[in-house]
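Asks:
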Amino acid sequence: MNNKLSFLSLVILLAVLTACHKDDPTPNPENTRNILFSVRIPDASGMSGSVYTQLIDNIDAATYDNKTAIPTAYATPPVIIDDYVFDLPGLTTETDIIKKYVRVNGQLVFEKSFTCPAGSGAISLVTKGDKAYVAMRGLGLILILNHKTMAEIGRIDLSEYGVGDRNPDPAMMLIRDNLLYVGLNQIVGGMTPDPKRAKSDVVIIDTNTDAVQKMITDERGYSMPTNIMGDIQSIFMDENKDIYINCMAGLGYIGHKGGLLRIKAGETVFDNSYEFCVTDKTIEGIDYPLDCLRDMVYTGNGKLYACASVSGYYSPTPDYSADRVVVSLEIDIKNKTVKKLDIPRGNIFATAVGRSGDNILFGLATQTGNGFYTYNQKTKAISESPVINTAGFPFCFKVFKD
Numbered sequence: 016m017n018n019k020l021s022f023l024s025l026v027i028l029l030a031v032l033t034a035c036h037k038d039d040p041t042p043n044p045e046n047t048r049n050i051l052f053s054v055r056i057p058d059a060s061g062m063s064g065s066v067y068t069q070l071i072d073n074i075d076a077a078t079y080d081n082k083t084a085i086p087t088a089y090a091t092p093p094v095i096i097d098d099y100v101f102d103l104p105g106l107t108t109e110t111d112i113i114k115k116y117v118r119v120n121g122q123l124v125f126e127k128s129f130t131c132p133a134g135s136g137a138i139s140l141v142t143k144g145d146k147a148y149v150a151m152r153g154l155g156l157i158l159i160l161n162h163k164t165m166a167e168i169g170r171i172d173l174s175e176y177g178v179g180d181r182n183p184d185p186a187m188m189l190i191r192d193n194l195l196y197v198g199l200n201q202i203v204g205g206m207t208p209d210p211k212r213a214k215s216d217v218v219i220i221d222t223n224t225d226a227v228q229k230m231i232t233d234e235r236g237y238s239m240p241t242n243i244m245g246d247i248q249s250i251f252m253d254e255n256k257d258i259y260i261n262c263m264a265g266l267g268y269i270g271h272k273g274g275l276l277r278i279k280a281g282e283t284v285f286d287n288s289y290e291f292c293v294t295d296k297t298i299e300g301i302d303y304p305l306d307c308l309r310d311m312v313y314t315g316n317g318k319l320y321a322c323a324s325v326s327g328y329y330s331p332t333p334d335y336s337a338d339r340v341v342v343s344l345e346i347d348i349k350n351k352t353v354k355k356l357d358i359p360r361g362n363i364f365a366t367a368v369g370r371s372g373d374n375i376l377f378g379l380a381t382q383t384g385n386g387f388y389t390y391n392q393k394t395k396a397i398s399e400s401p402v403i404n405t406a407g408f409p410f411c412f413k414v415f416k417d
């Protein structure tokens, strides 16, 4: 598909829309810095910029600069696997290198890299044993790496599943019961699916053979299953092993439904008894319809926390840094309710959501400041301003599983 689109085009649509290596470092079992966060600093054009990633000890009130942070990809948040961090190039055309870091003594230490084919658009990574599956959104394939050695061991061609062209735009992925579920964005020109095709496709791959089992399609009006920008939680599994998939609906521009679809435990078809449209709801405290759900985190017992964009809040001449269009939500996926949390709106560059203990972290760029606001699930307390203040727009928040 069109891999030469500027990153600014993507942001606007989202808005209103080898290296030589030494012996592997040994992860320190006494690591205390188990929180990773990234900030994004766009350049004047918005087409590119910088992202800085660092580790911190806790979510106590603090202000962080980027002096000890490492630069990572502008388009896609880092992926954590055990004590390792994978930096994927995403949709930018600046690089096609996947970098692997290891957490040692509270720091991220570069270990290995892999150079992808040109125009890869490597956007997501999941692992099974020593194998890493990497979605190459720009090339319409899944790359298979040995993530220990960062050597290629195979490819899975998905071109026959493209609609309108030979690239189905594989995006976020999840493995359940040895099956790899891959959301297909099916972009046809620009950065949205065909407006005339309000359908959602997921391809299912047997990880024992690395062969495609089948593609499944939901035809109830939803499109763009899984996040176009790299949020791995846009396809998640609940405590019952049911899979939920966030459909981004052409980013709110083509009249499709946006919300959640489900694949029940033990099934490999969409659950026709469940759909949760969020783009047609009237939500107290929000003056306009949601465009789509952005970053999210599922915490159990049906509770999902997410950011969403609301293009109705844009000024007549949009200012993507100054206009505050992102809202923070508490969602009940069982009872199908959406509640706006009393957190200031942010700009479109910052939609991070994460979890630390009972606290949900919303990374936003608001009129109050740039940083991470907290919502405590137990006490319902909400910070009035960022608890973690950042030198840049919050891009992601993730916790290592120690």
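Counting from 16, one number per residue, gives the positions in the sequence shown under this note's numbering.
For glycine and all other residues, C-beta sits at the position ideal for the given N, C-alpha and C.
1. One question on the structure: do residue 364 and residue 400 come within less than 8 Å of each other, judged by their Cβ atoms?
2. Below 8 Å, can you find three or more Cβ-Cβ pairs linking the region 312-327 to the region 252-272?
3. Less than 6 Å between C-beta atoms, sequence neighbours within five positions excluded: which residues of the same chain meet that for residue 5?
4. Output the distance between the C-alpha atoms of residue 356 and residue 298, rounded to the nearest integer angstrom.
5. Which two residues bound the contiguous beta strand (DSSP E) that contains residue 386?
6. Quick test of your reading: residue 385 and residue 405, contact by CB under 8 Å. State the CB separation rounded to the nearest angstrom.
7. Within 8 Å, do at least three Cβ pairs link the region 173-193 to the region 145-157?
8. Report buried or exposed for residue 264, applying the criterion of at least 16 other Cβ atoms within 10 angstroms of its Cβ.
9. Indicate whether residue 153 and residue 179 have their beta-carbon atoms separated by less than 8 Å.
10. Restricting to runs no shorter than 3 residues, where is the beta strand (DSSP E) found entirely within the region 95-181?
11. In angstroms with no decimal places, state the Cα-to-Cα distance between residue 40 and residue 132.
12. With a 10 Å radius around its C-beta and 16 neighbouring C-beta atoms as the bar for buried, classify residue 182 as buried or exposed.
13. Could you tell me whether the Cβ atoms of residue 72 and residue 91 are closer together than 8 Å?
14. Taking the DSSP output, what are the residues bridged to residue 64?
15. Residues in the same chain with beta-carbon distance under 6 Å from residue 38, minus the five sequence neighbours each way, listed in chain order, please.
16. For residue 351, which residues in the same chain have their Cβ closer than 6 Å to its Cβ, ignoring the five residues on either side in sequence?
17. For residue 381, which residues of its own chain have a beta-carbon under 7 Å away from its beta-carbon, when the five flanking residues on both sides are left out?
18. Taking Cβ positions, are residue 194 and residue 283 nearer each other than 8 Å?
19. Considering only DSSP beta bridges, list what residue 353 is partnered with.
20. Reducing DSSP to helix, strand and coil, say where residue 400 ends up.
21. Relative to the C-alpha of residue 14, which residue among 83, 269 and 99 is closest?
22. What whole-angstrom Cβ distance do residue 101 and residue 113 have, given they're in contact under 8 Å?
23. Nearest chain B C-beta to residue 336 closer than 8 Å, yes or no?
24. In this structure, how does DSSP classify residue 228 when only helix, strand and coil are distinguished?
25. How big is the Cα-Cα spacing for residue 177 and residue 156?
26. Which of the three DSSP states is assigned to residue 289 in this structure?
27. Using only alpha-carbon positions, find the residue among 79, 225, 246 and 308 that is nearest to residue 138.
28. Out of curiosity, what's the CA-to-CA distance linking residue 219 and residue 344?
29. With the cut-off set at 8 Å, would you say residue 200 and residue 186 are in Cβ contact?
30. Which residue or residues does DSSP assign as beta-bridge partners of residue 394?
31. For residue 93, count the other beta carbons within 10 Å of its own beta carbon; 16 or more makes it buried, fewer makes it exposed. Which is it?
32. Residue 319 lies in the beta strand (DSSP E); which residues open and close that run?
33. If you reduce the DSSP assignment to three classes, tell me which class residue 69 lands in.
34. Starting from residue 367 and walking both ways along the beta strand (DSSP E), at which residues does that stretch end?
35. Excluding the five sequence neighbours on either side, which residues of its own chain have a C-beta within less than 8 Å of the C-beta of residue 172, listed in chain order?
36. Compare the C-alpha of residue 232 against each of 239, 222, 216 and 241 and name the closest.
Replies: Reading from the atomic positions:
1. no
2. yes
3. Residue coverage of the chain in this structure runs from 16 to 417, which leaves residue 5 outside it and unanswerable.
4. 11 Å
5. Counting along the chain, the beta strand (DSSP E) containing residue 386 begins and ends at 385-391.
6. 5 Å
7. yes
8. Counting C-beta atoms within 10 angstroms of its own C-beta, residue 264 has 16 or more neighbours from the protein chains shown and is therefore classed as buried.
9. The answer is no: Cβ separation not under 8 Å.
10. Runs of beta strand (DSSP E) with 3 or more residues, each lying fully within the region 95-181, are found at 99-102, 112-119, 122-130, 137-143, 146-151, 156-161 and 166-172, listed in chain order.
11. Its pLDDT being 46, under 50, residue 40 is placed unreliably by the model, and nothing is read from it.
12. buried
13. Not a contact, by the Cβ cut-off of 8 Å.
14. 57
15. With a pLDDT of only 43 at residue 38, under the threshold of 50, the placement of this residue in the model should not be trusted; the figure read from the coordinates follows. No residues qualify anywhere along the chain.
16. Counting only Cβ-Cβ distances below 6 Å, and skipping sequence neighbours, we find 291.
17. 339, 359, 360 and 361
18. yes
19. 346
20. Coil at residue 400, not helix or strand.
21. Because the chain is modelled from 16 through 417, residue 14 falls outside the range shown and cannot be assessed.
22. About 6 Å separates the two Cβ atoms, so the contact holds.
23. Going by chain labels, chain B is absent from the structure shown, which holds only one protein chain.
24. Strand, per DSSP.
25. 11 Å
26. coil
27. 246
28. 30 Å
29. yes
30. DSSP output for residue 394 lists no bridge partner at all.
31. Result: buried.
32. 318-324
33. strand
34. 367-371
35. 155 and 156
36. Ranking the options by Cα distance to residue 232, first place goes to 216.
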